[in-house]
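Numbering that gives the first Met the number 0 puts the first residue of the sequence shown at 0, with every later residue one more than the last. What follows is one structure encoded as structure tokens, with my remarks underneath.
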Amino acid sequence: MGNSESAPVLSKKDIKDLMGYTPFGEQEIKNLFDSFTRFAKFDADAKEYVMSLSVFKEVMGLDDGPLSTRVFSVLDADKSGALDFREYAIGVGFFRQGGSQMDKLKFAFRIFDIDGDGTIERSELGELVAASAMQHGVKMKPKAVEEAVDAFFSLSDGDGDGGITFAEFQKLNAKHPEILEALSVVPEAKK
Ligand SMILES: [Ca+2]
Ligand SMILES: [Ca+2]
């Protein structure tokens, strides 16, 4: 979006587009762009400013855990490995305004559905459980991971096919909202 390193600019069209994708008005988008370009790096190949995972975590006040990395991956819509301003603005808009309950649930689902095929598989859940434990200094034995995954699936995999669809995920949340709250996959953004 910015076309030279010295003077990043946001076109009128960019602003208009972003107003459609985010809860922000024109001035808020301009302010957000200013702060984005302060933290982001100019990528000469892409000819725009992009934000790395480590900077994103710092700016958003996220911890170093696997869930933070998943939040970043979900926001990185084009899977470039960095956030451009549009991807960043959508993320900030989501965290700051919270979005609807449905938006939050959809976002949480995408955090778990690592390969993005629309189903949470046992392996995906196991990976996140093990990585989260590791982050807290706990090395879980494969059997313990298995048991945690079993417990989650016994509550949510209604048809027992080994995958949790969004509909099943929604049902789980309706019955046990405390589970998803405990996982806190929608972190509070710093102001
Ligand atoms: Ca990207
Ligand atoms: Ca999946």
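Ideal placement from N, C-alpha and C gives every residue a C-beta, glycine not left out.
Contacting residues, own chain, Cβ-Cβ under 7 Å from E167 (five flanking each side not counted): S155, D156, G157
A81 CB to nearest heavy atom of ligand 1 below 8 Å: yes
Assumed close pair L127, F108 - CB separation to whole angstroms, cut-off 8 Å: Wrong, their Cβ atoms sit about 12 Å apart, outside the cutoff.
Rounded separation between V8 and N30 - CA only: 12 Å
Coil, strand or helix - G90 by DSSP: helix
Of the listed residues S122, F84, K56, nearest to F71 (C-alpha basis): K56
Straight-line gap, A173 to T164 (C-alpha atoms, nearest Å): 14 Å
Rounded C-alpha distance that separates M139 from G161: 22 Å
Paired residues, beta bridge with K40 - DSSP: V49
Environment of S67 [buried if 16+ CB atoms lie within 10 Å]: buried
T36 beta carbon less than 9 Å from that of G92: no
Neighbourhood of E120 by C-beta distance below 6 Å, restricted to the same chain and skipping five residues each side: G162
Option in G136, Q134, P176 with minimal Cα separation from F151: P176
Beta-carbon proximity list for M133, same chain, < 6 Å, skipping 5 on both sides: none
Cβ-Cβ distance between T79 and A45 below 9 Å: Looking at the sequence shown, residue 79 is not Thr but Ser. Contact flag set, yes.
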